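Taking our numbering, the leading residue of the sequence shown gets 104, the next gets one more, and so forth. Using N, Cα and C, we set each Cβ at its ideal position, and we do this for glycine too. Model, not experiment: these values are computed from the prediction. One structure below.
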Amino acid sequence: MGKKILEQEVSYIRDYLAGCKRVLDIGCGPGIFERELLGMDIVGVDSSQGMLDEAKKIAKNQFLLARAEELPFPEASFDGVFFVTSLEFLQDYKRALSEVYRVLCGGGKMIALILNPESNYFKERIKKGGYIKENIKHADLRAIRECAEGKFDLAEEYFLGIKDGKITDSKDPKIASLYVIRGIKR
């Protein structure tokens, strides 16, 4: 199922960021999206050197050790930015969204795929314990959306339904594993 989830996420990001020339992946982890999103000039940042070391083994992109709250780029450096289940794990998502706004060109696109705390998938993961339960910092989707609304023209949706171990097209908040905010810099 993991491969099918990845395919869905990659397709969603590729479609939304189509036409973007220079893209930033915040919380890139082991570089899976850089490997899969061929044809995009993606720079990956992560706060874990171990993750960056893994990323460099599978993709030839530029990878930098950096915190989302303090991005090491000049203003208007990118025309696309994405988060895949990373925004909700940051210490300060408000600061991170301000940094995204700063490094995006006018009219640049931002997309955040956020674990949906209303979903059965999320609730099962919390019950099992482990990484998500121990590390998630922000599960208030409304607060994250409101912060982003101040900077971007937003659209939102629930995405990637997971039910009984199978992927569905459901946008039902109880079934959709992800909450997505897409924004265009004002």
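Considering residue 239, what are the terminal residues of the beta strand (DSSP E) in which it resides?
Premise fails: residue 239 is in no beta strand (DSSP E) and is neither H nor E.
Work out the CA separation of residue 252 and residue 182 for me, nearest whole Å.
Roughly 18 Å between the two C-alpha positions.
Limits of the unbroken beta strand (DSSP E) element including residue 280
279-288
At which residues does the beta strand (DSSP E) containing residue 186 begin and terminate?
Here the beta strand (DSSP E) through residue 186 covers 181-187.
Member of 250, 238 and 245 whose CA lies at the smallest distance from the CA of residue 192:
238
Excluding the 5 residues flanking residue 107 on each side, which residues of the same chain have their C-beta closer than 8 Å to its C-beta?
270
Within 8 Å, do at least three Cβ pairs link the region 110-118 to the region 158-170?
Verdict: no, contact absent.
My assumption, with CB atoms under 8 Å, is that residue 137 sits in contact with residue 147. Please give the rounded CB distance.
5 Å
Using three-state DSSP, classify residue 158 as helix, strand or coil.
helix
Residue range of the beta strand (DSSP E) that includes residue 208:
207-218
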